[in-house]
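Colleague:
Numbering (my numbering), first residue to last: 121 to 305.
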């Protein structure tokens with residue numbers, strides 16, 4: 121529930137604030153989450169938060185596209201394109217290998233790689249991302265780890281890895297509060 125709550129909240133923050141989401145990361149994440157969910161379904165080990173992630177990512181991408189459709193430029197770098205290509209390659213490898221565990225593993229690796237543009241953008245400008253939705257995502261991630269169906273690749277890898285990535289994103293976003301305090305002093 122926390123995971124899904126974060127997505128409309130993030131969309132609202134994106135539409136009303138100066139947040140500048142990294143579109144390539146959100147596209148990569150929706151592709152990856154669909155692949156992971158498909159692998160979980162194939163292994164009959166569906167983590168409920170994966171359904172929330174897939175539905176929520178559609179909301180986010182819609183909000184981002186709506187907000188930036190007037191400025192049709194995506195401003196992607198070579199890193200954005202490289203990461204998105206690696207995500208697609210990982211999904212294609214799963215299709216060739218026909219192994220749900222491999223799909224989940226490759227999608228997690230691709231998702232981690234696909235998050236690099238977001239890390240770089242938040243490092244340069246921590247004001248790019250609203251913190252409240254990410255707090256909800258991390259709380260949902262904690263519950264996702266606590267509710268893991270088992271400790272197999274299909275049951276545990278994505279909840280644990282997602283929580284680690286969410287924690288790193290929160291740490292980078294929290295720098296804006298540290299930077300603000302430094303400027304005041």
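Glycine included, every Cβ here is placed at the ideal spot set by N, Cα and C.
1) Go ahead and label residue 155 buried or exposed: buried means 16 or more other beta carbons lie within 10 angstroms of its beta carbon, across all protein chains shown.
2) Check for me: the alpha helix (DSSP H) holding residue 227 runs from which residue to which?
3) Would you report the Cα separation of residue 140 and residue 267, rounded to the nearest angstrom?
4) On the CB-based measure, 16 or more other CB atoms within 10 Å of its CB, does residue 227 come out buried or exposed?
5) Kindly list the residues whose CB is nearer than 7 Å to the CB of residue 153, restricted to its own chain and excluding five residues on each side of it in sequence; keep chain order.
6) Is residue 139 helix, strand or coil by DSSP?
7) Excluding sequence positions up to five away, which residues of its chain have a Cβ less than 7 Å from the Cβ of residue 292?
8) What did DSSP end up calling residue 133 once you bin it into helix, strand or coil?
9) According to the Cβ coordinates, are residue 150 and residue 181 closer than 8 Å?
10) Is residue 132 closer than 8 Å to residue 274 when the C-beta atoms are compared?
11) Using the C-alpha atoms, what's the distance from residue 282 back to residue 261?
12) Which of the three DSSP states is assigned to residue 202 in this structure?
Modeller: According to the structure data:
1) buried
2) 220-234
3) 32 Å
4) buried
5) 170, 173, 174, 177
6) coil
7) 239, 242, 243, 246
8) helix
9) yes
10) no
11) 7 Å
12) helix
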